[in-house]
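J.: Let me give you the structure first, and then I'll get to my questions.
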Ligand SMILES: Cc1cc2nc3c(=O)[nH]c(=O)nc-3n(C[C@H](O)[C@H](O)[C@H](O)COP(=O)(O)O)c2cc1C
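Numbering (the working numbering), first residue to last: 44 to 403.
Given below as C-alpha cells:
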C-alpha cells in the first residue's frame, strides 16, 4: 500500500500533479480534537510556491476542503478526508519527457514500470504536489501534538554548502525550535540565510539547481514512545521523511559523525531525570535509543538533492530512437526545493510521532 502509512494513525494520500485535485484521508484521529483550519491553512501556505524568485513561478493556491471527519470544528472519530484543488497546470511542458526522460527525476523508471499509463503531466504522482496533503495532515498532527506538550520545528541547516547555525542537541528550547519557521526563509542565522539565497539565485541564473539539508527537532516527548525493531521511532520518522521527494538521506543526533567517535565520546551519559523524561549530558543519539524516545530532544537532519529539472543542457537517452541526446528542461521549476520542503519535514515528523504516541 504505497500511498498509505501508519499503524494507529493511518494516512492515505491521493492525486496527481495535473489531476483535478490532490488530497488525503487520515484515519485513527482521536475524537473531540479541535482543528484550527485557519492555522492548518497558514501551515500549508509555507509550502506554496510563487512568492519569491527563490521558488518556481507556479501559483499553487493550496486551499484545503474538508469532506468528512469534523463536526463543529472537532474530529468526530470518522476518517478526516480532504482535497486540495490543483491549478496553474501546463501539461504540455511535460510531453517530451516521455521520449527524453529527465535525469534524476522519476520519469525513466516510471515509464518502464507503468508504460503508456504513466501520468507524466507535472510528474504525475511522483510530483512534490503530494506534499501539499502531507503538509495538511502534518498541520493537523502538530495541533494535536501541541495539546500533548509536543513541539515540532525545523530550519534550513544548509544550502549549496552554506551552513546555518545548528540546533542545540541538549538544551534546545521550544522557542528556539519554533522561531525559524516563523520566517519566510526559515534559518537561525539571517546572514547565512542571505548567503544561501544568493547561492540559489546564482544557480538559477546559470540554469542550474542546488540542494541542501533541513534540521528538525521534536521536543516534549516523554521517555518510551515508539516500539522496538521495525516500528522504532527512528524507522517511523525516517520512512515518512524519506518519502518526501528529493530526500536522499537522514541522520539522527550526531549522525554519520558518530561512526568516527570512541564509545567514551559518543555515549550519552545520564544526569538526573526530569519528571517522566530521562536526561543526558550529551545527545549524540538524537533522542532515540532502541527505537524508543529517551525524553531528550529528537533531532534529525534530512539531505535534499538539487532539483532534477534544470534549464542547463544535459545528456539523456531518447527512448524512441535509442540515441544519447541533449535535453534542456523548460517549464517552471524550483531552483532549490529546500525552502519549500521545511514544512514538509515538520509534517512528516509530526505524523510519525503522533502515530507512535497513539500506539503507546
Ligand atoms: C517542495 C518540493 C518541490 C519540488 N519541486 C520540484 C521541481 O520544481 N522540479 C523538479 O524537477 N523536482 C522538484 N522536486 C523534486 C522531485 O519531485 C523529485 O526529485 C522527484 O519526484 C524524484 O524523486 P526522488 O528525488 O525522491 O528520487 C521537488 C521536491 C519538493 C520536496
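All C-beta atoms, glycine included, are put in the ideal place defined by N, C-alpha and C.
Counting Cβ pairs, one atom from each stretch, are 3 or more of them under 8 Å apart for the stretch 264-282 and the stretch 313-331?
T.: Yes: at least three Cβ pairs fall under 8 Å.
J.: Shortest alpha-carbon distance to residue 342 belongs to which of 333, 326, 351, 354?
T.: Nearest option by C-alpha distance: 326.
J.: Under 8 Å, with one C-beta from each stretch per pair, do the stretch 54-61 and the stretch 115-133 reach the 3-pair mark?
T.: Yes, they touch.
J.: Am I right that residue 69 and residue 180 are in contact with their C-beta atoms under 8 Å? What's the rounded C-beta distance?
T.: That pair is a contact at about 5 Å.
J.: Cβ of residue 322 versus every heavy atom of ligand 1: is any distance shorter than 7 Å?
T.: Every heavy atom of ligand 1 is 7 Å or more from the Cβ of residue 322, so no.
J.: Mind pulling the alpha helix (DSSP H) runs of 4 or more residues that sit fully within the stretch 275-316?
T.: Listed in chain order, they are 276-285, 306-309.
J.: Roughly how many angstroms separate the alpha carbons of residue 185 and residue 90, rounded to a whole number?
T.: Between residue 185 and residue 90, the C-alpha separation is close to 15 Å.
J.: Going by DSSP, what residue range makes up the beta strand (DSSP E) through residue 55?
T.: That run of the beta strand (DSSP E) goes 53-58.
J.: Evaluate contact between the stretch 341-360 and the stretch 107-124, counting only Cβ atoms and requiring at least three cross-stretch pairs below 8 Å.
T.: Contact between the stretch 341-360 and the stretch 107-124 is absent, because fewer than three Cβ pairs lie under 8 Å.
J.: Spatial neighbours of residue 208 within its chain, please: CB distance less than 7 Å, with the 5 preceding and 5 following residues excluded, ordered by chain position.
T.: Answer for residue 208: 231, 232, listed in chain order.
J.: Can you tell which of 257, 203, 373 has the C-alpha that lies nearest to the C-alpha of residue 245?
T.: Comparing Cα-Cα distances from residue 245 to each of 257, 203, 373, the minimum goes to 203.
J.: Taking the continuous alpha helix (DSSP H) assigned at residue 247, which residues delimit it?
T.: 233-248 is the span of the alpha helix (DSSP H), which, as asked, contains residue 247.
J.: Take the Cβ of residue 137 as the centre, count every other Cβ of all protein chains shown within 10 Å, and call the residue buried at 16 or more, exposed below.
T.: By the 10 Å Cβ count, residue 137 comes out buried.
J.: Taking the C-alpha atoms as reference points, what is the distance between residue 235 and residue 376?
T.: For residue 235 and residue 376, the distance between alpha carbons rounds to 24 Å.
J.: For the stretch 66-84 and the stretch 359-369, state whether three or more C-beta atom pairs, one from each stretch, are separated by less than 8 Å.
T.: No, because fewer than three Cβ pairs between the stretch 66-84 and the stretch 359-369 fall closer than 8 Å, the two stretches do not touch.
J.: So, is the C-beta of residue 106 closer than 8 Å to a C-beta in chain D?
T.: Judged by its chain identifiers, the structure shown contains no chain D, having just a single protein chain.
J.: As a quick exercise: from 251, 261, 239, 140, pick the residue whose alpha carbon is nearest that of residue 193.
T.: The shortest C-alpha separation from residue 193 is found at 261.
J.: Which residues share a DSSP beta bridge with residue 329?
T.: None; residue 329 has no bridge partner.
J.: Taking only three categories from DSSP, how would you classify residue 363?
T.: Coil.
J.: For residue 341, which of helix, strand or coil comes out of DSSP?
T.: Residue 341: strand per DSSP, three-state reduction.
J.: Tell me whether residue 98 sits in a helix, a strand or coil according to DSSP, three-state version.
T.: Residue 98: coil per DSSP, three-state reduction.
J.: Exposed or buried, what is residue 304 when buried is set at 16 or more other beta-carbons lying within 10 Å of its beta-carbon?
T.: By the neighbour-count rule (16 or more Cβ atoms within 10 Å), residue 304 is not buried but exposed.
J.: Would you decide whether residue 191 is buried or exposed? Buried here means 16 or more other CB atoms lie within 10 Å of its CB.
T.: Flag for residue 191 reads exposed.
J.: What residue range does the alpha helix (DSSP H) around residue 174 cover?
T.: Taken as a continuous stretch (DSSP letters only), the alpha helix (DSSP H) holding residue 174 covers 174-190.
J.: Is it buried or exposed for residue 99, if we count other Cβ within 10 angstroms and need 16 for buried?
T.: Buried is the call here.
J.: With residue 359 and residue 143 assumed to form a contact (beta carbons below 8 Å), what rounded beta-carbon distance in angstroms separates them?
T.: About 5 Å; that satisfies the 8 Å criterion.
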